[in-house]
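Numbering (the working numbering), first residue to last: -9 to 375.
Yeah, the Cβ is synthetic: ideal placement off N, Cα and C, and Gly gets one too.
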Amino acid sequence: MSELQDLVDEAQRQFTICNACRYCEDYCAVFPAMEERRLFTEGDLGYLATVCHDCRACYQACMYAEPHEFAINIPQLMSEGRVLTYERYAEPRWLARLFERARGTLVAAVVGAALAVALVFLLATSADSLLMGNEGPGSFYTVFPQAAMLAFGLLLAGWAILVCVVGALRFWRDIGGPTGGIRGPRLWRRAIGEAATLRWMRGGGGECHFPDAEEPSPLRRYTHAAVAAGFLLTFGATVAAAIEENIFGILPPYPLLSVPVILGTVGGVMVVLGCIGFLRMRREAPAGLAAPQTASLGLAFTWSLLVVAATGLALLALRETDLMGPLLLVHLAAVFAFFLTAPYGHLVHAVYRSVAIARNVQERASSEPGPEPRSEVQERDTALV
Ligand code: HEM
Ligand code: SF4
Ligand code: SF4
């Protein structure tokens, strides 16, 4: 029997017990969605697993966790479901298998970075230009030709977007999402709000039990907000730089008080601090409440984000020195490696989680309210729609 089928069977066993118990139904959106189902398919498992935000409140509360013979462990089951979902929807399959385990992701990241650096050397006009330092506007392009930078960037970003969009559409279909997506600005607002604020990481109001099982805290949500917002700001910096260059004809490097540099610096610092926070949390987190691959995928992703942000900040700090050329190469190699591995690593959680949250918002809105709403969560949501 396949690994996936084994997991679906185990999910059927645990979810059936939860549906009889219902103690955790106010903790998050997973349990009310579970109660709507009796038989669980692969799609249901992927859906519930990606709505679960790993707050671990249900494990802390569960009277049927080990040593009880029922051995209920919803956070671990969900993390295994997420790993299989991320693997299953990444295309092409042979490439996905290559990246399958975190070790593959790390190796691919390193190989990708090394290849990128080698290509840079081949494309660079001359070895001398590498060490000539900042000689004013356009000096980045004497280290790495502008056309090559654009071609690499567009190709890799385009590839990552294509793989993610195809996977997201297949996932939406498999979890029962209607063709045409969710409808109406109110549902969109709620879906974006729930994804952006990590609503379901609050453990039903008691906050997240990761990494400290005994002392729930909002720290993980705040750390995530810093990383995700910082990432968006650095993306904004790239867009601003493209506008400066292509619309106003001003070539990089840009002055310290320019929009690209301010956005990039603030975003970069937020990503670095947030990633360091996540790495510390991972060290403190107890084992056994997540699939082993989850930790490795998360670590590989957090490290690759950290390297991209840290090399970008180092380039900014040292761009007036002879180190500008080598640092630009290292930073570009890190960015290329990040995009190369993006569709097969943990970054896709942002895609599949957003899709599952949208489906969940839509499902809650369309479920007929009974005479007595079953939970506070449903009552609140019914009132909102
Ligand atoms: C768009 C909606 C997003 C949602 C709903 C979301 C949700 C989550 C959740 C629930 C976790 C903890 C469980 C897990 O590891 O899966 C997490 C972890 C994480 N997220 Fe997000 N995320 C989103 C976007 C992003 C973005 C845009 C970034 C930055 C590029 C990001 C970076 C991270 C990092 C670094 C971790 C920690 C990885 C680890 O330590 O394992 N997330 N996210
Ligand atoms: S996790 Fe445990 S306590 Fe919570 S609903 Fe399931 S069986 Fe009940
Ligand atoms: S979000 Fe928290 S309470 Fe809900 S299933 Fe996941 S770990 Fe359990």
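C-beta contact flag for L318 and A304 at 8 angstroms:
Looking up residue 318 in the sequence shown gives position 328. Looking up residue 304 in the sequence shown gives position 314. Cβ atoms of L318 and A304: not closer than 8 angstroms.
Heavy atom of ligand 3 within 7 angstroms of P175 beta-carbon
For the purposes of this step, residue 175 is identified with residue 185 of the sequence shown, where counting begins at 1. The answer is no for P175.
Taking 7 angstroms as the cut-off, is the CB of T301 close to at least one heavy atom of ligand 4?
By its list of ligands, the structure shown excludes ligand 4, since it contains just ligand 1, ligand 2 and ligand 3.
First and last residue of the alpha helix (DSSP H) that includes I7?
Position 17 of the sequence shown, counted from the first residue, corresponds to residue 7. First-last of the alpha helix (DSSP H) with I7: E(-7) to C11.
For E358, is the classification buried or exposed, using 16 other Cβ atoms within 10 angstroms of its Cβ as the cut-off for buried?
In the sequence shown, counting from the first residue as 1, residue 358 sits at position 368. Unreliable positioning characterises E358 in this predicted model, as indicated by a pLDDT of 47, which lies under 50. The coordinate reading is nonetheless provided below. With fewer than 16 other Cβ atoms within 10 Å, it is exposed.
Ordered along the chain, which non-local residues of its own chain (more than five positions away) have a Cβ less than 7 angstroms from that of V325?
Position 335 of the sequence shown, counted from the start, is the residue given in the question as residue 325. Here the set comprises V298.
Provide the residue(s) that pair with C198 in DSSP beta bridges, ordered along the chain.
Along the sequence shown, one-based indexing puts residue 198 at 208. Note: C198 sits in a beta bridge opposite S207.
Measuring only from the beta carbon, is D44 closer than 7 angstroms to any heavy atom that is part of ligand 3?
Stepping through the sequence shown from its first residue, residue 44 is reached at position 54. Checking every heavy atom of ligand 3 against the Cβ of D44, one is found closer than 7 angstroms.
So, P333 versus A275, is the Cβ gap smaller than 8 angstroms?
Taking the first residue of the sequence shown as position 1, residue 333 is located at position 343. Taking the first residue of the sequence shown as position 1, residue 275 is located at position 285. No; because the gap between Cβ atoms is not below 8 angstroms, this pair is not in contact.
Distance check for I151 and F30, CA to CA, integer angstroms please.
One-based indexing of the sequence shown puts residue 30 at position 40. One-based indexing of the sequence shown puts residue 151 at position 161. Those two C-alpha atoms are separated by around 30 angstroms.
The alpha helix (DSSP H) spanning S377 covers which residue range?
Lying outside -9 to 375, the shown extent of the chain, residue 377 is not represented and no answer is given.
Taking Cβ positions, are F291 and G335 nearer each other than 8 angstroms?
Here residue 291 refers to the residue found at position 301 of the sequence shown. Here residue 335 refers to the residue found at position 345 of the sequence shown. Taking 8 angstroms as the Cβ cut-off, F291 and G335 qualify as a contacting pair.
Counting pairs of Cβ atoms below 8 angstroms between the segment 7 to 24 and the segment 342 to 354, do you hit three or more?
yes
Under a three-way DSSP split, which group does S69 fall into?
Counting from 1 along the sequence shown, the entry for residue 69 is found at position 79. In this structure, S69 counts as helix in the three-state DSSP scheme.
Local conformation of E362 per DSSP, three classes:
Here residue 362 refers to the residue found at position 372 of the sequence shown. At E362, the pLDDT of 47 sits below 50, so the modelled position is not reliable; the number obtained from the coordinates is stated separately. E362 falls in the coil class under three-state DSSP.
Around the C-beta of P168, are 16 or more other C-beta atoms found within 10 angstroms, so that it is buried, or is it exposed?
Residue 168 sits at position 178 when you count from the first residue of the sequence shown. With fewer than 16 other Cβ atoms from the protein chains shown falling within 10 Å of its own Cβ, P168 counts as exposed.
Can you tell me whether S(-8) is buried or exposed? The criterion is at least 16 other CB atoms within 10 Å of its CB, across all chains shown.
As a working mapping, residue -8 is identified with position 2 in the sequence shown. Counting Cβ neighbours within 10 Å, S(-8) comes out exposed, since fewer than 16 surround it.
Residue of N350, E15 and G143 minimising C-alpha distance to A232:
As a working mapping, residue 232 is identified with position 242 in the sequence shown. The shortest C-alpha separation from A232 is found at G143.
Please state the DSSP three-state secondary structure of L337.
Against the sequence shown, residue 337 aligns to sequence position 347. L337: coil per DSSP, three-state reduction.
Can the beta-carbon of A346 be found closer than 8 angstroms to that of T40?
Along the sequence shown, read from residue 1 onward, the residue named residue 346 stands at position 356. Along the sequence shown, read from residue 1 onward, the residue named residue 40 stands at position 50. It is a contact, given that the beta carbons lie within the stated cut-off.
Is it buried or exposed, D44, if we count other Cβ atoms within 10 angstroms and call 16 or more buried?
Walking along the sequence shown from the start, residue 44 turns up at place 54. With 16 or more Cβ atoms within 10 Å of its Cβ, D44 is classed as buried.
Would you kindly work out how many angstroms separate the C-alpha atoms of I62 and T284, rounded to a whole number?
Translated into the one-based positions of the sequence shown, residue 62 becomes position 72. Translated into the one-based positions of the sequence shown, residue 284 becomes position 294. Between I62 and T284, the C-alpha separation is close to 19 angstroms.
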